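Below is one structure, written out as structure tokens; comments come after it.
In the working numbering, the protein residues as written are -2 to 178.
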């Protein structure tokens, strides 16, 4: 059995509200095993004998659309990949506070070389970006003039690839859940 983590895009945002017990049942209806959800942002841990992520992702997306009535993109990572994502985080030793955050943007598809150049060009005095595999790590220092942190939608628009983000704390907690199993 392979353990996967599904990071769902735009769940519990605006009118796209779903209770986690319903989400869990949707995944269980696909014969996925040991299904667990973590917080309301659409993080689902499960096991399956399926090894190929592409058809598995499509199967989950089709079932979500059928069940919810709208498309949900799924960024699927194996347990091994998630552990590497946490381990390879270039900002993992940063001191986080109310003005400093680390985010991980999970890309929907493998980025080409042009995406690497775009990511490098996004760095500025308040934001540092680092692309590794299919994740963009984002270190963000809140500017006193800005009321919020970086824009996920702007990052997605610049890259031209659908993505979903989670903060470092959430990703670390998911990894810790995997450690305790």
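Where is the CB? At the ideal position from N, CA and C, for every residue including glycine. Treat the numbers as computed from the prediction; the structure is a model and nothing was measured.
query	result
Check residue 140 in the structure and name its three-state DSSP category.	coil
Could you tell me the boundaries of the beta strand (DSSP E) in which residue 35 lies?	30 to 35
Label residue 36 either buried or exposed according to how many other C-beta atoms from any shown protein chain fall within 10 Å of its C-beta, with 16 as the threshold for buried.	exposed
So the candidates are 77, 123, 110 and 78; which of them puts its Cα closest to the Cα of residue 97?	123
For residue 120, count neighbouring Cβ atoms within 10 angstroms of its own Cβ and tell me buried if that reaches 16, exposed if not.	exposed
Within 10 angstroms of its Cβ, does residue 180 collect 16 or more other Cβ (buried), or is it exposed?	Any property of residue 180 remains undetermined from this structure, which presents the chain solely from -2 to 178.
Based on DSSP bridge pairs, tell me the residues matched to residue 42.	2 and 33
By how many angstroms is the C-alpha of residue 83 removed from the C-alpha of residue 166?	10 angstroms
Would you decide whether residue 25 is buried or exposed? Buried here means 16 or more other CB atoms lie within 10 Å of its CB.	exposed
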